[in-house]
Amino acid sequence: MAKVVCPHCGGNARIASRSKMNDKGTIANLRCQCLDADNCGAIFVTTQAYSHTITPPIKSTQQICMDLISRLSKDEKQELQRDLFV
Ligand SMILES: [Zn+2]
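Sequential numbering from 0 applies to the sequence shown in numbering that gives the first Met the number 0.
Structure follows, in structure tokens:
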């Protein structure tokens with residue numbers, strides 16, 4: 000779980016609940032409570048949002064490869080097969 004920092008004191012906070020803000024759940028509001036109850040104890044909402052993908056999921060990579068392979072000529076496919084499975 001990602002660390003949440005209290006915007007008031009800079010201390011650690013815990014996520015008390017998560018509310019999806021879109022259908023896929025890639026944007027969510029996190030209700031958080033500062034763990035420094037003696038000196039701060041703030042309760043606040045922060046937003047978590049998906050940004051971008053570094054490595055695509057395996058299924059996507061396989062699909063990309065299959066799409067590319069399907070565009071090769073028969074000779075190119077045979078050449079690829081020889082290179083891959085020698
Ligand atoms: Zn705090």
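We treat Cβ as the ideally placed atom computed from N, Cα and C, and that holds for glycine.
* At a cut of 8 Å, does the segment 21-30 reach the segment 39-46 through at least three beta carbon pairs? -> Taking 8 Å as the limit for Cβ pairs, the verdict is that the segment 39-46 does touch the segment 21-30.
* By a C-beta neighbour count over all protein chains shown, 10 Å radius and 16 as the cutoff for buried, is A1 buried or exposed? -> Per the 10 Å Cβ criterion, exposed.
* To do: Assign C64 to one of three DSSP states: helix, strand, or coil.
  => Note: C64 maps to helix in three-state DSSP.
* To do: Would you check whether ligand 1 has a heavy atom nearer than 7 Å to the C-beta of A36?
  => Relative to ligand 1, the beta carbon of A36 is positioned no closer than 7 Å to any heavy atom.
* Does ligand 1 have even one heavy atom less than 7 Å from the beta-carbon of C5? -> yes
* May I ask you to check if the CB of C31 is nearer than 7 Å to at least one heavy atom of ligand 1? => no
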